[in-house]
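Here's the structure, in C-alpha cells; my notes come after.
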Amino acid sequence: MPQSTDLTKAYEDSEKINATDVPARTQLPFDLLHGKSKKTTKLLANSGFTEPMNGSNRWYDFEFTEPVFLNEIVVDEENYSTYNEFEFRWTLAQGGEVTQELSKKNDGSFRAPINQLVRQVSFKPPKKWLTQTKITRVQLVGFQIEELEDFIRLVARLDRYKSNVFSEANKAIENAEEANQKVTQAELDRDAINNEIAEANQKIADLNANIGRLSEQRQGLLDDITKREEAISTLDERRSQIQERITERTTEREGLAREVSELKQELRALEDDVNMFPTEIGAFVSQGGQNIRTYWKLAAVPIALMVIVTGLLVFNAANLTTVFDEVDGANIWSILITRIPYVIISTAIITASYKLARVFVTEIMRINQQRLNLSKISIVATDTSNTSQDGLTDLTDRELYELRTDLKMQLLRDHLKEYLSSDFRYQGKSTNNWARLLEKRKTPKASDLQDEETNEE
C-alpha cells in the first residue's frame, strides 16, 4: 500500500502565500522623465495636462532620468482601427534595443508588455490618410529602482513558498497515482478472473450439450466406415478391371501409333510427289521472267539504234530541197550518187538492228507463250483430275494419285514434244494404269463374294 503524505507544511506555506501582500503596479512618476516641457512627455496620464496630440507617423520618445522596471506601456488614441499596428521600441538598461509591432487590444488601447529594466521607451503610430487621428493619453506602468529590490525579495519569498507547496503536492500526487494504478490493476485482475470463470462455465455447458451429439456422430461415423470399406472393396475390383482395360488400350495405342507413324511417312512422300510438278512450274515461270527482262534489255540497244538512224535519214532528207535554191546549176544526179554510200550504210544498220530486235522480241513472245501454256496445263490437269475422279469411291488414294500423275505427265509430254524426240515414252508405274484398273474392277472383291454367299444362304 502507498505511504500517506503529511500535507501540514504545504497548508502552512499556502496560507503564507495568501497572507503576503503584493504591491500593485503603479504608473511611474512624471518626475522620472526628461524633457517635462515637451508635448510628447505631457501625454502621460499623471502629467496634469489633458490636451491630446495629432497622431503622425513619427517616434514619440520617453526617456527616464534613471533605469526603471517597466511592465507595460499603454497608448490611448482616436480614429485608429484594429488592423493598424503601432511600432514600440525600448532601450534596455544593460544596453541593447528591442522593437515590436502590436495591434489594438479589445479595450481600445495599444499595449506593449515589456517587463524589463529600461532607460527609454518609444512608440510610432502608422501612417493614416484622409483621417484625423489623435494620441490622447500614455501610461507607463512599472516600478522605480528602489521599489524593485523589495519586489524582488518578495518574489523570491513567494517562489520559495511555492516550491515547498509544489514538492508536497507532487509527493501526494505520486502516492495517489500509485494507489490508482494498484486499484486499476486489481480491478483488471478481478475482471479477468470473472471472465475465466464464465468461460469455464460456458465450456462445461457446451461439453455437456455435445456429449449426446458426439455419441450420435460416433455411431454415424462407424456406419459410414463400414459402408466405405465395402465401397473400397468394390472399387478395388473395378480398379483391377480398369487396369486390365488400360493394358489392352495401351497395346492398341502403341499399334495405332506405329500405323499412324507409317501413314504419316507415306503421306509425306505422297505430298512430295504431288507438289513436285507445281514447284518445277513455279521455278520455270520465275526463270522465264528473268529471261524476258534480259532480252528486253538486249533488244533496247538495236531498237534505239534503228530509231536514231531512221530519224537522221528523215530529218536530213529535207536538206536536199534547199540545194537548188542556194546553188545555181546544181546537178541532182551527182548529189544522189554522193549520198548512195551513206544510204547503204544506214540501210544496213537499220536492217541489222531490225533483225536483232526481231530475234529478241520473238524469243520474249515464245517464253511468254510457254508460261501461259504451263499455266493452262496446271489448270486443266487440276480440273480434269477432280472431274474424272468424281464417283470413283472404290478407288484408293494411291490409285487416284497414279491416275493424276499419269494425266500430268501426258499433258507435260505433249507440251514438251518440240524439245524431246518423238519416240520418247514414259516408262513409270502409271503407264498401264487404266487397263490395270479396269481389270481390277472386273475382279469381284472378297467382301462382295461374302455378301453374295450370305444372300444365297
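According to the numbering used here, the stretch in the sequence shown is residues 1140 to 1596, in order.
Ideal Cβ positions, reconstructed from N, Cα and C, are used throughout, including at glycine.
My guess is that residue i and residue j are in contact by the Cβ rule of under 8 angstroms, so how many angstroms apart are they, rounded?
i: Glu1226; j: Thr1238; result: 7 angstroms
i: Pro1191; j: Ile1274; result: 6 angstroms
i: Ala1251; j: Ile1212; result: 5 angstroms
i: Phe1201; j: Leu1231; result: In fact, because the Cβ distance is near 15 angstroms, the residues do not count as touching under 8 angstroms.
i: Leu1256; j: Leu1183; result: Going by Cβ atoms, the distance from Leu1256 to Leu1183 rounds to 19 angstroms, so no, they are not a contact pair.
i: Ser1514; j: Met1445; result: At roughly 33 angstroms, the Cβ-Cβ gap does not stay under 8 angstroms, so Ser1514 and Met1445 are not in contact.
i: Arg1497; j: Gly1427; result: Not confirmed; about 19 angstroms, so no contact.
i: Glu1658; j: Thr1179; result: Absent from the structure is residue 1658, since the part of the chain shown begins at 1140 and ends at 1596.
i: Thr1449; j: Ile1489; result: 6 angstroms
i: Lys1267; j: Gly1194; result: 7 angstroms
i: Ser1473; j: Leu1452; result: With 8 angstroms as the limit, Ser1473 and Leu1452 do not qualify as a contact, their Cβ atoms being about 20 angstroms apart.
Kindly indicate which three-state DSSP category residue i falls into: helix, strand or coil?
i: Asn1185; result: coil
i: Gly1281; result: strand
i: Asn1223; result: coil
i: Leu1167; result: coil
i: Ser1248; result: strand
i: Lys1177; result: coil
i: Thr1365; result: helix
i: Trp1472; result: helix
i: Lys1436; result: helix
i: Lys1321; result: helix
i: Lys1266; result: coil
i: Thr1535; result: coil
i: Phe1563; result: Its pLDDT being 48, under 50, Phe1563 is placed unreliably in this model, and the value from its coordinates should be taken loosely. Three-state result, Phe1563: coil.
Can you name the residues that DSSP bridges to residue i?
i: Thr1449; result: For Thr1449, which the question treats as bridged, DSSP gives no partner whatsoever.
i: Ala1193; result: As written in the sequence, residue 1193 is Asn, which differs from the Ala given in the question. Answer is Lys1273, bridged to Asn1193.
i: Asp1200; result: Ser1261
i: Gln1255; result: Leu1209
i: Glu1216; result: Ile1274
i: Leu1172; result: Phe1203
Are there 16 or more other CB atoms within 10 angstroms of the CB of residue i, so buried, or fewer, so exposed?
i: Pro1480; result: exposed
i: Tyr1219; result: buried
i: Leu1361; result: exposed
i: Pro1264; result: buried
i: Leu1353; result: exposed
i: Val1214; result: buried
i: Pro1168; result: exposed
i: Phe1499; result: buried
i: Ser1261; result: buried
i: Phe1083; result: Here the chain comprises residues numbered 1140 to 1596, so residue 1083 is not present and cannot be evaluated.
i: Phe1249; result: buried
i: Met1415; result: Any answer about Met1415 is weak, because its pLDDT of 45 lies below 50 and its placement is not dependable; what the coordinates show is given next. Looking at its Cβ environment, which holds fewer than 16 other Cβ atoms inside 10 Å, Met1415 is exposed.
i: Glu1541; result: buried
i: Ala1438; result: buried
i: Ile1506; result: buried
i: Gly1567; result: Residue confidence is low: Gly1567 scores 46 on pLDDT, short of 50, so the model does not pin down where it sits. Its coordinate-derived value is still stated next. Exposed, because fewer than 16 other Cβ atoms sit within 10 Å of the Cβ of Gly1567.
i: Thr1221; result: exposed
i: Glu1307; result: buried
i: Trp1229; result: buried
i: Ile1503; result: buried
i: Thr1544; result: buried
Can you tell me where the beta strand (DSSP E) with residue i in it begins and where it stops?
i: Thr1238; result: Glu1236 to Ser1242
i: Ala1126; result: Residue 1126 is absent from the model: the chain starts at 1140 and stops at 1596.
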